[in-house]
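First up is the structure itself, then whatever we jot down about it.
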Amino acid sequence: MTTDIIDTEPKLLPGDLAIWLFIFMELLVFGIFFVVYAVMRIQNIEMFNQYQLTLNRELGAANTLLLITSSYFVVRAVQAIRINNVKSCIHWLYAALAGGLGFLILKSIEYSDKFSEGITLATNTFYMFYLSLTMFHFLHVILGMVILFAVVIKAKQGAYNAQNHTGIETGASYWHMVDLVWIILFPLVYIIR
Amino acid sequence: MKRFYNVHTIWLAMIVLTLFTYGMGKIGQEGILVVFVLLLTVVIKGSLIIYDFMELKGVSLLWRVIMFGWLTTVCLAIAICYLISP
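Sequences listed follow chains A and B, in order.
One point on numbering: in numbering that gives the first Met the number 0, the residue at position 114 of the first sequence is 113, and numbering is uninterrupted.
One point on numbering: in numbering that gives the first Met the number 0, the residue at position 32 of the second sequence is 31, and numbering is uninterrupted.
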């Protein structure tokens, strides 16, 4: 009887509750940003459609593939630590970091192209949204990588095992949030018209 | 079916959906129906991340409502904006 009750109890959120409160706040901010973009587009449809075509969809798609794959690597890292395979966990985390680094490099190439054409936040409303939205996300990728790197260092010091790996789940949850936001940002800014 | 539902196939499904999204943009597909289809792929991919990658499967309903509520509200708001565009 007691077992039945335990089995039906919902499980806890993975990682620290504090990171989830942070994630909810971040999602709220990004959500407002996305909706404001869509609302502003109503008043500037021709401009948004015209300048959206100047964006590099190939790099945008490649970055989406990188973030999704990086998120998958983080899932594998969490799975590895749950069976006490610390070495494998660290390898997967390094792979995830490589994915994040790849994202930053491709995004920097994209920014470099735009800046060399003289495009700034002040160029027009579309570029204002494109630059501010993607740069805001860019900063979150950097923060996510810092968190993952801190997790790698602690894992190397032997801080995590099958019984104690809340820190890894915390970093993983944040990294998945960064991926989740890009999943909406890419089609919204680069594709949908 | 359950045999094929794991993190590997979920990753693969998201890759395929991303390539589909890119393809729709590449061939220049436009219109409200295309917007809805692309937003549907966003909801599917987002749900897979929330449910399976973030592991919200089985957590308290409150947390799931917050996360799925955020995803669907944002996508619905975007869809409405594109629907009422002149």
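Beta carbons are placed, not taken as given, at the ideal position from N, Cα and C, and that holds for glycine.
Kindly list, in the order they appear in chain A, the residues whose Cβ is closer than 8 Å to that of residue i.
{"i": "Ile48/B", "result": "Ser70, His175, Asp178, Leu179, Ile182"}
Which residues of chain A have a Cβ atom closer than 7 Å to the Cβ of residue i, listed in chain order?
{"i": "Lys44/B", "result": "Ile182"}
{"i": "Lys25/B", "result": "Arg56"}
{"i": "Phe52/B", "result": "Ser70, Val74, His175"}
{"i": "Leu32/B", "result": "Result: empty, since nearest Cβ-Cβ is about 12 Å, beyond 7 Å."}
I'd like to know whether the C-beta atoms of residue i and residue j end up nearer to each other than 8 Å.
{"i": "Thr68/A", "j": "Gly98/A", "result": "yes"}
{"i": "Thr53/A", "j": "Phe185/A", "result": "no"}
{"i": "Gly57/B", "j": "Pro9/A", "result": "yes"}
{"i": "Trp69/B", "j": "Gly117/A", "result": "no"}
{"i": "Gly14/A", "j": "Ala171/A", "result": "yes"}
{"i": "Arg192/A", "j": "Glu29/B", "result": "yes"}
Closer than 8 Å by C-beta to residue i: which residues in its own chain qualify, once you throw out the five before and the five after it? Chain order, please.
{"i": "Tyr93/A", "result": "Val151"}
{"i": "Ala161/A", "result": "Ile80, Arg81, Ile82, Asn83"}
{"i": "Lys1/B", "result": "none"}
{"i": "Thr1/A", "result": "Below a pLDDT of 50, predicted positions are generally treated as unreliable, and Thr1/A, at 46, falls in that range; the measurement from the model is reported next regardless. Nothing meets the Cβ criterion."}
{"i": "Arg56/A", "result": "Tyr189, Ile190"}
{"i": "Ala95/A", "result": "Ser69, Ser70, Phe72, Val73, Ala76, Leu147, Trp174"}
Which residues bound the alpha helix (DSSP H) around residue i?
{"i": "Phe3/B", "result": "Neither: Phe3/B is in no alpha helix (DSSP H) and is coded neither H nor E."}
{"i": "Phe148/A", "result": "124-155"}
{"i": "Lys44/B", "result": "31-47"}
{"i": "His175/A", "result": "165-185"}
{"i": "Arg24/A", "result": "First, the residue type needs correcting, since residue 24/A is Met and not Arg in the sequence shown. Where Met24/A is concerned, the enclosing alpha helix (DSSP H) stretches over 16-42."}
{"i": "Gly57/B", "result": "Taken as a continuous stretch (DSSP letters only), Gly57/B belongs to no alpha helix (DSSP H), as it is neither H nor E."}
Please compile the residues from chain A whose C-beta is within a distance smaller than 9 Å of the C-beta of residue i.
{"i": "Gly57/B", "result": "Pro9, Lys10"}
{"i": "Ile77/B", "result": "Phe33, Val34, Tyr36, Ala37, Ile183, Leu187, Ile191"}
If I measure Cβ to Cβ from residue i and keep anything under 7 Å in the same chain, skipping five residues before and after, which residues do I get?
{"i": "Lys153/A", "result": "Tyr159, Gly166"}
{"i": "Ile46/A", "result": "First, the residue type needs correcting, since residue 46/A is Met and not Ile in the sequence shown. Result list for Met46/A: Asn123, Thr124, Phe125, in chain order."}
{"i": "Met13/B", "result": "Lys44, Leu47"}
{"i": "Leu38/B", "result": "Cys74, Ile77, Ala78"}
{"i": "Val41/B", "result": "Cys74"}
{"i": "Leu55/B", "result": "Ile49, Trp62, Arg63, Met66"}
Residues in the same chain with beta-carbon distance under 6 Å from residue i, minus the five sequence neighbours each way, listed in chain order, please.
{"i": "His175/A", "result": "Ser70"}
{"i": "Val34/B", "result": "Tyr81"}
In chain B, which residues lie less than 7 Å from residue i when you measure between Cβ atoms?
{"i": "Thr63/A", "result": "Thr17"}
For this session: Jot down the residue ranges of each uninterrupted beta strand (DSSP E) in the segment 52-93 of chain A, minimum 3 residues, whole runs only, in chain order.
Result: none
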